[in-house]
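Before any comments, here is the structure.
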Amino acid sequence: MIRAMVGAMLLLGALGHPAPAQESIVSGLSQNRVSITADFDGSEILVYGAVRRDAPPPKGGPLAVIVTVEGPATPVIVRRKGRVAGIWVNTDEVQIDSAPSFYAVVTTGPLDQILSDTENLRHAITIERVIRAIGITAEADRSGEFILALLRVRTNEDRFRLLEGRVELTDETLFRADVVLPANLTEGTYKIRLFLLRDKKVVALQERLIGVRKVGLERFVYTLAQEQPLIYGLLALVLAAVAGWGASALFRLLRA
Amino acid sequence: MQLYLPIAEVSVSAFLLLGLGGIVGFLSGMFGVGGGFLITPLLFFIGVPPAVAVATGANQVVASSISGVLAQVRRKGVDFQMGGVLLAGGILGSAIGVWVFRLMTAAGQVDLFIQLSYVFFLGLIGAMMLRESLASLWRSRVPGAPVRRSHVHSWAHRLPFKMKFRASGLYISVLPPALVGAVVGFLAAIMGVGGGFIMVPAMIYLLGMPTRVVIGTSLFQIIFVTAFTTVMHAVSSQTVDMLLALLLILGGVVGAQIGTRVGARLKAEQLRVLLSLLVLAVSIRIAVDLLVTPDELYSVTPGILP
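Protein chains in written order, with our numbering: chain U, 1 to 256; chain L, 257 to 562.
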């Protein structure tokens, strides 16, 4: 069957129609879920894979790979401080409908050499594109500097990352990328996208998901705080009362 | 050892938190204050979101006040009647404070509001305390200097709804203590502090209470006001981080013990001078932050998921 298709395609190629690049991605992740435990201090995900071809590598530029990891998005408010009566206060703000809490782009080489602006626009690969594609409001549209500020602040917080040349690609076939997730992770589903590119054009793409969840004590405390806030508040008081009473009792014991 | 805080959603060294709790506990044991005015700014500094720092600070003050008040009850240093009146005002003030806190959060001015409250109240109280304690230190050096009268009749004694406060030996209107309580409750909710540093001078100078019952009564009412504040914050904004509070409390317990021992070796006036300098230092530090041009003019606040 496959052989017949390949044969047909070769025939088409011979007839003068350029064959579409027959390359696809086979990939794996080192883990399908990330558990946030009490001693959680960041995590590393290994994204690995291979390029499957039904034919010899097509002619054209060298193969490039881009891996993106995107955390759950929330609306954000970007505020700017200004000087009012001598002190610095928040004066302007812009609401951005949706910005990922984490976003990493890992590539085989410099982005501007492997990705065209058109393809970036179509697939929303760089963080600027992701925010503009999903988070745009009329208000934010006029406020480019607020978006730049969002990018800068989150990049400084290590939430947004661009790691060029950090995907290892062997023989145009095998690739791997290590993505370090920071300690201040937000819970939710993380989307991993893999792109194969040739001549700055995306020739294949694949999407995978990773669940990041608080577990154990973290899960319990968080769920309780969200779903039973009154009981949670009272429990926090009991905790404080027991600790306070215990301290007082211990004091007396040590003094006696 | 890094610890991921479930509500604050940041990973912080557990030893750092124990250490912070310990330092604050040391100071609070030494000076007899809750330490909330120190713990909250310190939590801001290590990257805990301000809303979580304020709510969790209140929770921590509950523990340290309970520990302190038990010791005071044994030496009969608590005026429960006065505490009750202060408390009634305190609950009202705290409810208003939590409401204002929410309004300010929505308006994006909560950080500024907290910072301004800190600068103003800490600066005011610190300066007043420094002046008073230096003056009394001076008096104790100069023999024959006039001694301050312990009980001065003022406008506070001419108001209606008078009540007898036996433990304090006072017969005054309930209005001034209720008002003091309300102001302290309001500040507790906004600043994440117990308000001891405002309550203690107010009780001595405004209400004319004897020093013997001041600290115990102040702690007694602070327990309930901060407890109420903790629950209100937990319910209205889910910002109390139990794990964070637990570590601060554990550190604080040890620190308070050492602090009490050290404090017992110093004179009361010297202690007050040191405390007022500390309060002023915190106030100036925060004021500098407001006045100096920040490195990053922009800030990013995640909104609420729809």
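Every residue, glycine too, gets a C-beta built ideally from N, C-alpha and C.
Next on the checklist: Taking the straight line between their C-alpha atoms, what separation do you get for L:G364 and L:M447?
Outcome noted: Distance between the alpha carbons of L:G364 and L:M447 is about 16 angstroms.
Item to check | Per-residue contacts from U:P229 into chain L (C-beta, under 7 angstroms) | outcome: Within chain L, the residues near U:P229 are A490, V491 and Q494.
Item to check | Cβ contact (3+ pairs, closer than 8 angstroms) linking the region 534-551 of chain L and the region 303-323 of chain L | outcome: With contact defined as three or more Cβ pairs closer than 8 angstroms, the region 534-551 of chain L and the region 303-323 of chain L are not in contact.
Next on the checklist: On the DSSP letters alone, give me the boundaries of the alpha helix (DSSP H) that L:I325 sits inside.
Outcome noted: According to the sequence displayed, residue 325 of chain L carries Val and not Ile. Here the alpha helix (DSSP H) through L:V325 covers P306 to R330.
Checklist entry - Among L:L368, L:S350 and L:S555, which residue has its Cα nearest to the Cα of L:I542? => result That would be L:L368, whose Cα lies nearest to the Cα of L:I542.
Checklist entry - Can you list the residues of chain L that U:N90 reaches, using a CB-CB cut of under 8 angstroms? => result The answer, in chain order, is G364, Q365, D367, L368 and S555.
Item to check | Members of the region 257-272 of chain L near chain U, C-beta cut-off 8 angstroms | outcome: Correct list: M257, Q258, L259, Y260, P262, I263, E265, V266 and S267.
Item to check | Contained beta strand (DSSP E) runs [length at least 3] in the region 59-115 of chain U, N- to C-terminal order | outcome: Runs of the beta strand (DSSP E) spanning 3 or more residues and lying entirely within the region 59-115 of chain U occur at 63-70, 73-84, 87-100 and 103-107, in chain order.
Checklist entry - Should U:A225 and L:A483 be called a contact, given that it needs their Cβ atoms to be closer than 8 angstroms? => result Not a contact, by the Cβ cut-off of 8 angstroms.
Next on the checklist: At the level of alpha carbons, what is the spacing between L:S320 and L:I505?
Outcome noted: C-alpha separation (whole angstroms): 7 angstroms.
Next on the checklist: For the beta strand (DSSP E) containing L:M558, name the first residue and the last one.
Outcome noted: What sits at residue 558 of chain L in the sequence shown is Pro, not Met. Boundaries of the beta strand (DSSP E) around L:P558: Y554 to P558.
Checklist entry - Mind listing which residues of the region 207-234 of chain U have their C-beta closer than 7 angstroms to chain L's C-betas, in chain order? => result The residues in question are K214, E218, V221, Y222, A225, Q226, P229, L230, Y232, G233 and L234.
Next on the checklist: Pop quiz: L:V318 and U:G246 are said to be a contact at Cβ under 8 angstroms. What is the actual Cβ separation, rounded to whole angstroms?
Outcome noted: The distance from the Cβ of L:V318 to that of U:G246 is about 13 angstroms, inconsistent with a contact at the 8 angstroms cut-off.
Next on the checklist: Is the beta carbon of L:L553 closer than 8 angstroms to that of U:K81?
Outcome noted: Against a cut-off of 8 angstroms, the Cβ pair of L:L553 and U:K81 comes out as a contact.
Checklist entry - So what does L:Q258 bridge to, in DSSP terms? => result Bridge partners of L:Q258: L:S269.
Next on the checklist: Please list, in chain order, the residues of the region 272-302 of chain L that have any C-beta partner in chain U closer than 7 angstroms.
Outcome noted: From the region 272-302 of chain L, no residue has a Cβ closer than 7 angstroms to chain U.
Checklist entry - Just checking, does the region 453-473 of chain L make contact with the region 433-442 of chain L on the three C-beta pairs under 8 angstroms criterion? => result Contact holds: three or more Cβ-Cβ distances are below 8 angstroms.
Checklist entry - Whose C-beta lies closer than 7 angstroms to the C-beta of L:K332 among residues of the same chain, with five residues either side of it excluded? => result The answer is none, since no qualifying residue turns up.
Checklist entry - According to the Cβ coordinates, are L:G508 and L:V280 closer than 8 angstroms? => result The answer is yes: Cβ separation under 8 angstroms.
Item to check | For L:M459 and L:V470, believed in contact at Cβ under 8 angstroms, the rounded distance | outcome: Between L:M459 and L:V470 the Cβ distance is about 5 angstroms, and since that is below 8 angstroms, they are a contact.
Next on the checklist: Determine whether the beta carbon atoms of U:I66 and U:F195 lie at a separation below 8 angstroms.
Outcome noted: It is a contact, given that the beta carbons lie within the stated cut-off.
Item to check | U:G257 at chain L interface by Cβ criterion, 8 angstroms | outcome: Outside the displayed range of chain U (1 to 256) lies residue 257 of chain U, so it cannot be described from this structure.
Checklist entry - So is L:L547 in contact with chain U if we call contact Cβ pairs under 8 angstroms? => result So, interface residue.
Checklist entry - Can you list the residues of chain L that U:A38 reaches, using a CB-CB cut of under 7 angstroms? => result At a beta-carbon threshold of 7 angstroms, the residues of chain L lying near U:A38 are L259 and Y260, ordered along the chain.
Item to check | Where L:V481 sits in the DSSP three-state scheme | outcome: The three-state reading of DSSP puts L:V481 in helix, counting H, G and I together.
Item to check | Rounded C-alpha distance that separates U:P100 from U:P72 | outcome: The alpha-carbon separation between U:P100 and U:P72 amounts to approximately 5 angstroms.
Checklist entry - Ordered along the chain, which non-local residues of its own chain (more than five positions away) have a Cβ less than 6 angstroms from that of L:V304? => result If we look at L:V304 and ignore the five residues flanking it on each side, its Cβ neighbours are A264.
Item to check | Backbone secondary structure at L:L426 - three-state DSSP | outcome: Strand at L:L426.
Next on the checklist: Any C-beta of chain L within less than 9 angstroms: which residues of the region 160-184 of chain U qualify?
Outcome noted: Per Cβ criterion, the list reads P182, A183 and N184.
Item to check | Contacts that U:G244 makes with chain L (C-beta to C-beta distance below 9 angstroms) | outcome: Contact note: U:G244 reaches chain L through V318, A319, S320, S321, I322, S323, G324, V325, L326, I479, I505 and V509, using a C-beta cutoff of 9 angstroms and chain order.
Checklist entry - For L:G519, which three-state DSSP category applies? => result DSSP places L:G519 in helix when its eight states are reduced to three.
Checklist entry - Relative to the alpha-carbon of L:P558, which residue among U:K200, U:R79 and U:L162 has its alpha-carbon at the smallest distance? => result With distances taken between CA atoms, L:P558 lies nearest to U:R79 out of U:K200, U:R79 and U:L162.
Item to check | Cβ pair count under 8 angstroms reaching 3, the region 94-110 of chain U against the region 150-169 of chain U | outcome: Yes: the two stretches touch, three or more of their Cβ pairs being nearer than 8 angstroms.
Next on the checklist: For chain L, check one thing: does any of its Cβ atoms lie closer than 8 angstroms to the Cβ of U:Y48?
Outcome noted: No, no contact with chain L.
Checklist entry - Do L:L390 and L:V529 have their CB atoms nearer than 8 angstroms? => result Here L:L390 is near L:V529, since their CB atoms are less than 8 angstroms apart.
Item to check | Nearest candidate by alpha-carbon position, reference L:P262, set U:I25, U:G28, U:V26 and U:S35 | outcome: Comparing alpha-carbon positions, the option among U:I25, U:G28, U:V26 and U:S35 lying closest to L:P262 turns out to be U:S35.
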